[in-house]
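This report refers to the structure that appears directly beneath it.
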């Protein structure tokens, strides 16, 4: 079923782009490449690894593995409006309804036979132990071997060396399953493509900070975190180039978000994955535009293609979803200043200890720089827990607060 | 000319009519019921009748409350947060923290020295601790909701209601009655439960009250026991204006006047 779904999706988007190449928005190009990834995952033609969010997808790709973090499945099911049955399946197994919807959905999907059987699994201790437990559950379910990457929290040489050693061990683990050793040239090529994509993506994110922002609607939603699945491939470069070029063109043509931008918002942690009208309504009713996402942030340096281990380790350690709340709040403050936001929205995804644990510290640190934060209580995956009126009232009141408040940036 | 504020809440629809000076000319509170458009018309008709004016004398209407977008012929729809802040400032200009507990929402609003909403917090996930909660508890205790207000008098114990889920709390109350616990002790326990839940919202927007004047609005502000319990938990005086359930509508009317100028 899923193989046919992704194949049809790929064909449909390709046909639309072919019919009207000039209307190939960056989001459409992004959707096409993600659909192609989905098609590969379900094709049965390449080895598959189900992973944690911070796995090195370019390393795995260089070793011929099609890999994906498990939370992607929850997001995809919610985006297509199909999450309910899979969440219920997990709940019937005993997972509480207030635990993470991403993880419940993927557990349910595995139980219902929706996920391709992996060749092995790679859990990552970052961003959350719930993710490790979920991947461990899947390993038990599929009766496949599990490799756990322990991502240290401190960003120091010892931590980097510790993780770099684990990444080498991971390569050996993969070789043991595929009988194909890692080709250094192939890894170097993969890393070069990752670096190129990250440079382009970083440029696109900076352009999104232009006043008014060229970013429109939900087009930056999930971009940084999902594009990591394509790192090491030309597809990531294609997508990042499309965003960079589209934003450049819109700025040049003064055709950003329709010229109605009154409030600039930052979205903290993950977006709401199921269909809902919030983003469009914010723009239409309040001129409020989401100009940056916490998860769209390139927080690491270019990786040395000839000696990538330390660089890949640094990347995982420096991600905004790893490390202390202090690390996270500094990144958020920098982003808020850079993108000149008036306020930030933190959905505080239900059941997410990683996402909600620091919310008071985040709100305080943003207040220090004059940026108010709205903490919501939203299940970003389970639409059964979503009350549009309740969320709209909170957001609308927040917009009223922001509109009555002088901008911290004297725009 | 006159200005109308309509607050369409889950339990009641409140209307306030003010004149150019911002003085209240008439106010009405009618049950919302299942047909909220009818409730709007009834509330409007009541205030127009009480003021002895026709609809054409109303220059502008601003709506608020969960049904704010359902009000026709409005100048604007504004959230309860902004309207309650505006309304309380007209009556008690020194208020810095406003607690509003309505039918299904409880909210705490922090107001800065210039009268702007600085921060706010609302109940999430469930409506325990709101007007609906008190209705259910009154039903379990077999008393009218108005009677709850002073039924805590003389209570000496500190009964803790272990759950703030309305359904579970109702069965807990039934169990306490069956165990022979005095009604005033149960009511005091309920009031403290609501106060404790609300206090956490207060602390969220104002970690240190630091002598800030605290006021309360919304229908639950009529319940003296809850107000007393809030004062005890927050260790401050909680003042209640006249017609606390009409503060949102008053704010809406004042915003209608301000926007029309």
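Protein chains in written order, with our numbering: chain G, 1 to 411; chain V, 1001 to 1261.
Positions of the beta carbon are idealized from the N, C-alpha and C atoms, including for glycine.
Next item on the list: Would you mind reading off the limits of the alpha helix (DSSP H) that contains residue 1083 of chain V?
Entry: Counted from its first residue, the second chain places residue 1083 of chain V at position 83. First-last of the alpha helix (DSSP H) with residue 1083 of chain V: 1080 to 1091.
Checklist line | 8 angstroms Cβ cutoff, residue 1116 of chain V in contact with chain G | finding: Locating residue 1116 of chain V in the second chain gives position 116, counting from the first residue. Yes - at least one Cβ of chain G is within 8 angstroms of the one on residue 1116 of chain V.
Note to self: What residue range does the alpha helix (DSSP H) around residue 50 of chain G cover?
What the structure shows: Position 50 of the first chain, counting from 1, holds the residue named residue 50 of chain G. Careful: residue 50 of chain G lies outside any alpha helix (DSSP H), inside the beta strand (DSSP E) at 48 to 51.
Checklist line | Own chain, CB closer than 7 angstroms to residue 159 of chain G, minus 5 neighbours either side, in chain order | finding: Along the first chain, read from residue 1 onward, the residue named residue 159 of chain G stands at position 159. Once the five neighbours on either side are set aside, the close Cβ partners of residue 159 of chain G are 152 and 317.
Margin query: Give me the chain G residues within the contact set of residue 1119 of chain V, using Cβ-Cβ distance strictly less than 8 angstroms, ordered along the chain.
Written below: What you label residue 1119 of chain V is simply residue 119 of the second chain in a count that begins at 1. What residue 1119 of chain V touches in chain G: 372 and 401.
Next item on the list: Just list the alpha helix (DSSP H) runs in the region 1155 to 1190 of chain V, keeping only unbroken ones of 4 residues or longer that don't cross its boundaries, in chain order.
Entry: 1166 to 1178
Notebook entry, point to check: Which residues does DSSP pair with residue 1004 of chain V in a beta bridge?
Noted result: As a first step, residue 1004 of chain V must be located in the second chain, where it is residue number 4. The partner list for residue 1004 of chain V (beta bridge, DSSP) reads V/1017 and V/1061.
Notebook entry, point to check: Excluding five sequence neighbours on each side, which residues of the same chain lie with their C-beta closer than 6 angstroms to the C-beta of residue 1060 of chain V?
Noted result: The residue given as residue 1060 of chain V occupies position 60 in the second chain. Within the same chain, residue 1060 of chain V has close Cβ partners 1003, 1075, 1256 and 1260.
Notebook entry, point to check: For the candidate residues V/1091, V/1150 and V/1012, whose alpha-carbon lies nearest to that of residue 1224 of chain V?
Noted result: Taking the first residue of the second chain as position 1, residue 1224 of chain V is located at position 224. For residue 1224 of chain V, the nearest C-alpha among the options comes from V/1150.
Margin query: Check for me: the beta strand (DSSP E) holding residue 344 of chain G runs from which residue to which?
Written below: Counting from 1 along the first chain, the entry for residue 344 of chain G is found at position 344. First-last of the beta strand (DSSP E) with residue 344 of chain G: 343 to 346.
Checklist line | CB of residue 373 of chain G within 8 angstroms of CB of residue 348 of chain G, strictly | finding: Your numbering for residue 373 of chain G matches position 373 in the first chain. Your numbering for residue 348 of chain G matches position 348 in the first chain. No, Cβ-Cβ distance for residue 373 of chain G and residue 348 of chain G is not below 8 angstroms.
Notebook entry, point to check: By a C-beta neighbour count over all protein chains shown, 10 Å radius and 16 as the cutoff for buried, is residue 1085 of chain V buried or exposed?
Noted result: Within the second chain, numbered from 1, the residue matching residue 1085 of chain V stands at position 85. That one is buried.
Next item on the list: Drop a sphere of 10 angstroms on the beta-carbon of residue 1009 of chain V, count the other beta-carbons inside from all chains shown, and report buried for 16 or more, exposed for fewer.
Entry: To locate residue 1009 of chain V, count along the second chain from 1; it is residue 9. Label assigned to residue 1009 of chain V: buried.
Notebook entry, point to check: Leaving out the 5 sequence neighbours to the left and right, which residues in its chain are closer than 6 angstroms to residue 1064 of chain V when beta-carbon positions are compared?
Noted result: Counting from 1 along the second chain, the entry for residue 1064 of chain V is found at position 64. So the list reads 1007, 1078, 1080, 1083, 1248 and 1252, once near-sequence residues are dropped.
Margin query: Tell me which residue opens and which closes the alpha helix (DSSP H) that residue 157 of chain G is part of.
Written below: For the purposes of this step, residue 157 of chain G is taken as the residue at position 157 of the first chain. Unbroken alpha helix (DSSP H) run through residue 157 of chain G: 157 to 178.
Next item on the list: Spell out a yes or no on whether the region 1105 to 1124 of chain V and the region 1200 to 1209 of chain V are touching, meaning 3 or more CB-CB pairs, one atom from each, closer than 8 angstroms.
Entry: yes
Check: Going by the beta-carbon positions, is the gap between residue 59 of chain G and residue 167 of chain G smaller than 8 angstroms?
Finding: Within the first chain, residue 59 of chain G is the residue found at index 59, counting from 1. Within the first chain, residue 167 of chain G is the residue found at index 167, counting from 1. Yes, they are a contact pair.
Margin query: Relative to the C-alpha of residue 1173 of chain V, which candidate in V/1156, V/1143, V/1047 and V/1100 has its C-alpha closest?
Written below: Numbered from 1 along the second chain, position 173 holds the residue referred to as residue 1173 of chain V. Taking only the C-alpha atoms, the option nearest residue 1173 of chain V is V/1143.
Next item on the list: Determine, using beta carbons only, whether residue 1122 of chain V comes closer than 8 angstroms to chain G.
Entry: Numbered from its first residue, the second chain carries residue 1122 of chain V at position 122. At least one chain G Cβ lies under 8 angstroms of residue 1122 of chain V.
Note to self: Rounded to whole angstroms, what is the Cα-Cα separation between residue 406 of chain G and residue 395 of chain G?
What the structure shows: As a first step, residue 406 of chain G must be located in the first chain, where it is residue number 406. As a first step, residue 395 of chain G must be located in the first chain, where it is residue number 395. C-alpha separation (whole angstroms): 18 angstroms.
Item checked: C-beta contact flag for residue 301 of chain G and residue 280 of chain G at 8 angstroms -> Stepping through the first chain from its first residue, residue 301 of chain G is reached at position 301. Stepping through the first chain from its first residue, residue 280 of chain G is reached at position 280. Result no, Cβ atoms of residue 301 of chain G and residue 280 of chain G do not sit closer than 8 angstroms.
Check: Within 10 angstroms of its Cβ, does residue 380 of chain G collect 16 or more other Cβ (buried), or is it exposed?
Finding: As a position in the first chain, residue 380 of chain G is number 380, starting the count at 1. Buried, because 16 or more other Cβ atoms sit within 10 Å of the Cβ of residue 380 of chain G.
Checklist line | Cβ-Cβ distance between residue 206 of chain G and residue 266 of chain G below 8 angstroms | finding: Translated into positions along the first chain, residue 206 of chain G becomes position 206. Translated into positions along the first chain, residue 266 of chain G becomes position 266. No, Cβ-Cβ distance for residue 206 of chain G and residue 266 of chain G is not below 8 angstroms.
Check: Could one say the Cβ of residue 1082 of chain V lies closer than 8 angstroms to chain G's Cβ atoms, at least one of them?
Finding: Taking the second chain and counting its residues from 1, one reaches residue 1082 of chain V at position 82. By this cut-off, residue 1082 of chain V is an interface position.
Notebook entry, point to check: Who are the neighbours of residue 1078 of chain V on chain G, taking C-beta pairs under 8 angstroms?
Noted result: Within the second chain, numbered from 1, the residue matching residue 1078 of chain V stands at position 78. The answer, in chain order, is 400.
Notebook entry, point to check: At least one CB of chain G closer than 8 angstroms to the CB of residue 1066 of chain V: is that the case?
Noted result: If you number the second chain from 1, residue 1066 of chain V lands on position 66. It does: the Cβ of residue 1066 of chain V has a partner Cβ on chain G nearer than 8 angstroms.
Checklist line | Cutoff 7 angstroms; reference residue 1024 of chain V; Cβ partners in own chain excluding five residues on either side | finding: Position 24 of the second chain, counted from the first residue, corresponds to residue 1024 of chain V. Only 1016, 1018 and 1250 meet the Cβ criterion.
Checklist line | Simplified DSSP state of residue 267 of chain G, which is helix, strand or coil | finding: For the purposes of this step, residue 267 of chain G is taken as residue 267 along the first chain, with counting starting at 1. Strand.
Checklist line | Straight-line Cα distance separating residue 48 of chain G from residue 33 of chain G | finding: Here residue 33 of chain G is taken as the residue at index 33 of the first chain, counted from 1. Here residue 48 of chain G is taken as the residue at index 48 of the first chain, counted from 1. Distance between the alpha carbons of residue 33 of chain G and residue 48 of chain G is about 17 angstroms.
Next item on the list: For my contact list, residue 382 of chain G and residue 87 of chain G are in at a C-beta cut-off of 8 angstroms; report their separation, rounded to the angstrom.
Entry: Looking up residue 382 of chain G in the first chain gives position 382. Looking up residue 87 of chain G in the first chain gives position 87. Contact holds; Cβ gap of about 6 angstroms.
Next item on the list: Would you mind working out which of G/124, G/171, G/13 and G/56 sits nearest residue 233 of chain G, comparing C-alpha positions?
Entry: Reading the first chain from its first residue, position 233 is the one you call residue 233 of chain G. Considering only alpha carbons, the answer is G/56.
Next item on the list: Give the interface partners of residue 61 of chain G over in chain V, defined as CB-CB distance under 8 angstroms, in chain order.
Entry: Residue 61 of chain G sits at position 61 when you count from the first residue of the first chain. Per Cβ cutoff of 8 angstroms: no residues; residue 61 of chain G is ~41 angstroms from chain V at best.
Checklist line | Positions along the region 386 to 400 of chain G whose CB lies within less than 7 angstroms of some CB in chain V | finding: 389, 393, 394, 396, 397 and 400
Next item on the list: Could you check what DSSP says for residue 320 of chain G in three-state terms: helix, strand or coil?
Entry: By one-based count along the first chain, residue 320 of chain G stands at place 320. It is coil, neither helix nor strand.
Check: Using a Cβ-Cβ distance under 8 angstroms, would residue 283 of chain G count as near chain V?
Finding: Against the first chain, residue 283 of chain G aligns to sequence position 283. Chain V contact via Cβ: absent.
Check: Going straight from the alpha carbon of residue 63 of chain G to that of residue 182 of chain G, what length do you get?
Finding: For the purposes of this step, residue 63 of chain G is taken as residue 63 along the first chain, with counting starting at 1. For the purposes of this step, residue 182 of chain G is taken as residue 182 along the first chain, with counting starting at 1. So the two alpha carbons sit approximately 6 angstroms from each other.
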